[in-house]
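Offset between the sequence shown (1-based) and the numbering used here: plus 517. Here's the structure we're looking at; comments come further down.
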Amino acid sequence: MPRRTPRFTLDRLRTPGRFPGFLKTASVCALIAGLLSPLAQTTAAAADVTAANDYCGGQCSDILPPGENGNATLAQVLLNQAFGAQPDHAEDQLGPYANLAKGYSGLTNATINTFFNDASFGVASDQVASTLSPAGRSDVTIVRDKKTGVPHITGTTRYGTEFGAGYAAAQDRLWLMDVFRHVGRGQLTTFAGGAPSNQGLEQQFWRNAPYTEADLQAQIDNAVATNGTRGQQALADAKAYLDGINAYIDASDSGRYFPGEYVLTGHKDSITNAGTIDHFKTTDLVALASVIGALFGSGGGGEVNNAISLLEAQEKYGVTEGTKAWEAFRERNDPEAVVTVHNGESFPYGARPDTAQGQALPDSGSVSTQPLVYDASGTGADQSASAAAAAATATALSSARRGMSNALVVSGKYTASGHPIAVFGPQTGYFAPQLLMLQEIQGPGISARGASFAGLSMYVELGRGQDYAWSATTSGQDIIDTYAVELCQDDYHYLYHGTCTAMDVVEQKNSWKPTTADSTGAGSYTMRVYRTKYGPVEYRATVGGKKVAYTTLRSSFMHEADSIIGFQMLNDPDYVKSPQTFQSAAQHINYTFNWFYADSTHTAYYNSGDNPVRASGVDSEFPAWAQAAYEWKNWVPATNTADYTPASEHPNSIDQGYYISWNNKQALDYTTASWGDGSVHRGNLLESRVKALVAAGGVTRASLVKAMADAALADLRAEDVLPNLLKVINSSTVTDSTVAAAVTKLQTWLTAGGKRTETSAGSKTYANADAIRILDAWWPLLVQGEFQPGLGTDLYTAFTANLPVDESPSAAHGPTGAHAGSSFQYGWWSYVDKDIRAVLGQTVQGGLTQKYCGGGTLSGCRDVLLSTLKTAAGKTAAQVYPGDSLCSAGNQWCADSIVQRTLGGIKHSNISWQNRPTFQQVVEFTSHR
């Protein structure tokens, strides 16, 4: 059967297609045979590796699917596409990861490493697969273990250690690193092809980080200049790391074992070896960092959308009552929200001012999005390209940023051993190869094992040290503000402190043509961003009849490299020796994250990010006038620096009884930028389980993993909202047979735990499948039927732009797309919960300003629920799960399933849905230095 390689894209869903017709199976085999001749990399004899500096006592574990090896030669790519063959260590962590979904119920401490890797330092001598001295260096070795192929880098000099880290990164992720440096530079289509999803991806990121080469270099210079000896060390480490990457590029090029994607995208010739793989440079690291920071560590934005929904609320209810209604839906500081710091301590940030100052709300109907794409031709101008551009713009400008990641940390006071236990990790999506890579680094001033983003792995970013471990979740507090700059002269000049000033223009011209990997026809366009001192222009509008441009100013803009110092500290065993020094290291990370820590005695938490000190009276929820009175305190436009809130004002804690985080609210009075921190949040799924474990005492690694895994299969709507929905329905006898049958199925599923889980491992069929189908169909109908009549169509639509209605596992319309694993972060569950409880006469703190369901009466609400439930029950599986390029219509399990989205030439099978971190650690240290 003829096949072709997949397009290498980071799109919502793209599954492998077929090779072009001319690559028949026979010719593939012939080509493979010819390609198997290049010399393989040579390795030195295996050597014993000791781990005298490991204080975990064999009780540290980790997992990162699909596998450590993210590079494949052309022969390996073709074998995978033709026959499904996998390169060594390309997916050997996928099975254990997937198997936890049905295997967790009988988990014990002794069986944890059935589903995780042993994350002890070093490699036992009988488990050494290879030992390499990269580029013949005598000051560093890279040992790989037999089970997973993870690189264990040991250096005797700092330079050699970082050289080895770079070499190992290129061994495992060279193609992916190259893809993402081009994403960060807005050059993905030119590099990897013009697929609409590639267009959308580069547009999404370049809109928010439109840097020139000089901008990228300036960020390096600033990070070095402002951080003393650590800054100098970071630069030296980066250069050594790059030397290692480039040494591997040269070796793999001359040895012809470089990633096959370079051939398939036209950068190298498989026969003559003509073509080049460009060396990496320091500015590439900043471009890479800008992508990762935008994906996971930049909370804020959405002020224009907030303004639009506020104006709609005021139009419907009047200014006073409309503002109250808006604030109720916004839930800035909901008293029923689950919080990470739960001891009652308050950390005020982002609160609504008593009297707002400097607001610049748009005139009704005047807002338009600033175009990004100009002079498009060919496939850069077709309908698919336009749709991709619109989706990229919506994602880039939304405050509903991809959060993900969770953490469960329990103090030794409540564990069986008396030592703290942590189960935590980042939920970074599922890709092939994975965005993260595992490694162990041991050298002067560095001692750590864990995960790092490919191309930024000079330090371990999430992992363990000698006697401590750390991890992060996305926090999302607001470090992005929108300013209204008043235009003067024309649409490309604005008033800055009374002077008419020209906007800077930054352009990126891209063109592409078909390749073996991407058959998209030829096309081109120019991305053009207009930058002001207040950031890039994102919208145009009028305010009080005056023409303005709305800009976004992010505190980490032009500071993508600053966080390197914090990660350097976290890897330094001479720096991190306590929860206090851990918090100090996290304070040097300017991206918005929640950081968690555990050693043999203590636990800790710290919320990082450069939170700007705003002018008195400025409400960060809405656009403000670009005038000196409303700027950040002591803001310097040339460097984009300002005063930031002190560390003591960031949510932080040491030795709280337990911590949970699933991108929920951090603490009392601390407002995050995205909507949805209300009474029902996926953080509740962890809170209820961990709280119960702590109350019982004797927590073990196995019991904490089981709590995480149980929450990972829970349907949040079923567990926290469905019981009250059924109370309303059952307040009178259900006489309609269709509805009665649906209610019985829902109640049966709820009694069984409300999980989305297979009948048995590998069955690819859910238990209680009908009930799950009914709830999936019912939820959007229910929300619309409950709220749209009371809010009106315009306000309801505006609020759904602020917060999507649903994010079930199969919801391709949700912020994370289909087959992404992460679910139930954004949705209207709190609104439904508060409204239904109010209708039932239950106590509601921080409730909505009126009862919406059925006009606020129990009988009216019941009628709404019955009618929408009957409609939902009548929908077939094919209607609820319409199918896509991976799944046939009606295949419920497949619709939910997780796909390792192809970013290269190797594809993997989909796995059953779990809502859990991509990289995950289980740690319990037994002693301390």
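Note that the Cβ used here is the ideal one computed from N, Cα and C, for glycine as well. In this text, all values refer to a predicted model and were calculated from it rather than measured experimentally.
Could you check where the alpha helix (DSSP H) with Q750 kicks off and where it finishes?
Looking at the DSSP string, the run of the alpha helix (DSSP H) that includes Q750 is G745 to G772.
Leaving out five residues on either side along the sequence, give the residues of the same chain with a beta carbon under 8 Å from the beta carbon of Q749.
The answer, listed in chain order, is V741.
Kindly indicate the opening and closing residues of the beta strand (DSSP E) around H669.
P668 to G672 is the span of the beta strand (DSSP E), which, as asked, contains H669.
Which stretch, first to last residue, makes up the beta strand (DSSP E) that contains H699?
Taken as a continuous stretch (DSSP letters only), H699 belongs to no beta strand (DSSP E), being part of the alpha helix (DSSP H) at R675 to G701.
Using a threshold of 7 Å, state whether the C-beta atoms of W1179 and P1326 are closer than that.
No; because the gap between Cβ atoms is not below 7 Å, this pair is not in contact.
Is C1017 helix, strand or coil by DSSP?
Strand.
Kindly indicate which three-state DSSP category D609 falls into: helix, strand or coil?
Coil.
Where does the unbroken alpha helix (DSSP H) through Q1362 begin, and where does it stop?
It is not in any alpha helix (DSSP H) - Q1362 carries neither H nor E in the DSSP assignment.
Among A627, T1043, T648 and V1381, which has the Cα closest to the Cα of E719?
It is T1043 whose Cα lies nearest to the Cα of E719.
By the 10 Å Cβ neighbour count, where 16 or more other Cβ atoms means buried, how is T567 classified, buried or exposed?
Low confidence applies here, because T567 scores a pLDDT of 42, under 50, leaving its location unreliable; read the following figure in that light. Classification for T567: exposed.
Which class does R1354 belong to by DSSP, given the choice of helix, strand or coil?
Here R1354 sits in helix by DSSP.
Going by the beta-carbon positions, is the gap between I670 and I958 smaller than 7 Å?
In this structure, I958 lies closer than 7 Å to I670 by Cβ.
Do L1386 and A1259 count as a contact pair if the criterion is CB distance below 7 Å?
Their beta carbons are under 7 Å apart, which means A1259 touches L1386 by this criterion.
With DSSP as the reference, please indicate the residues paired to Y1056 in a beta bridge.
The partner list for Y1056 (beta bridge, DSSP) reads T886 and Y1067.
Does the beta-carbon distance from A1229 to N1427 come in below 7 Å?
Cβ atoms of A1229 and N1427: not closer than 7 Å.
Can you give the beta carbon distance from W1266 to N1247, rounded, assuming they're within the 8 Å contact cut?
No, W1266 and N1247 are not in contact; Cβ-Cβ is about 15 Å, not under 8 Å.
Using only the alpha-carbon positions, how far apart do K996 and S650 sit?
The identity of residue 996 in the sequence shown is Ile, whereas the question assumes Lys. Approximately 44 Å, taken between the alpha carbons.
Please return the same chain residues whose Cβ sits closer than 6 Å to the Cβ of D1021, not counting the five positions on each side in sequence.
The residues are R1048.
Helix, strand or coil, according to DSSP, for G574 in the structure here?
DSSP places G574 in coil when its eight states are reduced to three.
In this structure, does DSSP put Q721 in helix, strand or coil?
Note: Q721 maps to helix in three-state DSSP.
When the Cβ atoms of the region 820–838 are set against those of the region 1133–1140, are three or more pairs found closer than 8 Å?
Yes, the region 820–838 is in contact with the region 1133–1140.
In the DSSP assignment, find the alpha helix (DSSP H) that holds S826 and state where it starts and stops.
Its alpha helix (DSSP H) spans residues E820 to Y834.
Measure the alpha-carbon distance for E832 versus V884 and round it to whole angstroms.
Their Cα atoms are separated by approximately 16 Å.
Once you ignore the five residues that flank F722 on each side, which residues in its own chain have a CB closer than 6 Å to its CB?
Only V700, V808 and A811 meet the Cβ criterion.
Smallest Cα separation from K469: which of A1394, S1036, D892 and V1349?
Only positions 518 to 1446 of the chain appear in this structure, which leaves residue 469 out of reach.
Specify the secondary structure class of Q1417 as computed by DSSP and reduced to three states.
Correct three-state label for Q1417: coil.
Beta-carbon separation of Y765 and Y684 under 7 Å?
Closer than 7 Å, so yes.
With distance defined between alpha-carbon atoms, name the residue in S815, V667 and R849 nearest to G1364.
G1364 has its Cα closest to that of R849, out of S815, V667 and R849.
What are the start and end residues of each continuous beta strand (DSSP E) run of 3 or more residues lying completely inside the region 577–657, in chain order?
The region 577–657 contains these whole beta strand (DSSP E) runs: 577–580 and 645–649.
Buried or exposed: Q1438, going by 16 or more other Cβ atoms within 10 Å of its Cβ?
It counts as buried.
Sort out for me which residues DSSP pairs M1044 with in a bridge.
Answer is V890 and Q1025, bridged to M1044.
Taking the alpha carbon of F680 as the point to measure from, which residue in N626, A731 and A757 has its own alpha carbon closest?
Ranking N626, A731 and A757 by Cα distance to F680 puts A757 first.
To test your reading of the DSSP string, which unbroken beta strand (DSSP E) runs of 3 or more residues are found completely within the region 925–972?
Counting only runs of 3 or more, we get 938–942, 953–960 and 963–970.
Tell me the DSSP secondary structure of A1288 in three-state form.
Of the three classes helix, strand and coil, the one that applies to A1288 here is helix, per DSSP.
If you check the beta carbons only, do D1116 and H796 fall under 7 Å apart?
No, Cβ-Cβ distance for D1116 and H796 is not below 7 Å.
Are the CB atoms of G601 and G1422 within a distance shorter than 7 Å?
No, these two residues do not count as a Cβ contact at 7 Å.
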